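J.: Handing you a structure now.
Listed below in structure tokens is the structure:
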């Protein structure tokens, strides 16, 4: 879609801090992270909601989500992760996206009160992307 920012990121027309690219999906750091390392996973094909996801993309999408959840622990030293998606309601960009957020006990995330933690600058954001990206080849598919 011409006006979809996630489609533009998937094609490279809009710059993003990419952490994972396959033929089917792209993952990149969220510009307004809950915690540093917060990653968004999107199908390259424009799909609005999970019910719209074609059957042939379900496994590649979920497999990439699993790998990213593991990368939060391996690459960022998180204790675990928060994985979620919205369908239409609260979906700020109408393109299916899975949030994969690094978590640690006592990090302050409670219920749906979500504080945002900004990167100090572009270099810090790029460093977090590199840390997640670096461990992905070592994780099972």
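Residue numbers (full-length UniProt numbering): 1 to 141. The C-beta atom is built at its ideal place from N, Cα and C for all residues, glycine as well. As the structure is a computational prediction, the values presented were derived from the model and not from experiment.
(1) Between the region 84-91 and the region 53-61, can you find at least three pairs of beta-carbon atoms closer than 8 Å?
(2) According to DSSP, which residues form a beta bridge with residue 82?
(3) According to DSSP, what are the bridge partners of residue 26?
(4) Leaving out five residues before and five after residue 100 in sequence, what residues of the same chain have Cβ atoms less than 7 Å from its Cβ?
(5) Assign residue 29 to one of two classes, buried (16 or more other C-beta atoms within 10 Å of its C-beta) or exposed (fewer than that).
(6) Just how far apart, CA to CA, sit residue 51 and residue 96?
(7) Alpha carbon to alpha carbon, how far is residue 98 from residue 106?
(8) Rounding to the nearest angstrom, what Cα-Cα distance links residue 74 and residue 117 in this structure?
(9) Indicate the three-state DSSP secondary structure (helix, strand or coil) for residue 110 in the structure shown.
T.: This is what the structure gives:
(1) Too few Cβ pairs lie closer than 8 Å, so no.
(2) DSSP lists 101 as partners of residue 82.
(3) In the DSSP assignment, the residues bridged to residue 26 are 21 and 42.
(4) Correct list, in chain order: 39, 41, 65, 68, 69, 72, 81 and 83.
(5) By the neighbour-count rule (16 or more Cβ atoms within 10 Å), residue 29 is buried.
(6) Distance from the CA atom of residue 51 to the CA atom of residue 96, rounded to whole angstroms, is 10 Å.
(7) Inter-residue distance for residue 98 and residue 106 is about 23 Å (C-alpha atoms, whole angstroms).
(8) Looking at the two C-alpha atoms, the distance is approximately 21 Å.
(9) Strand, per DSSP.
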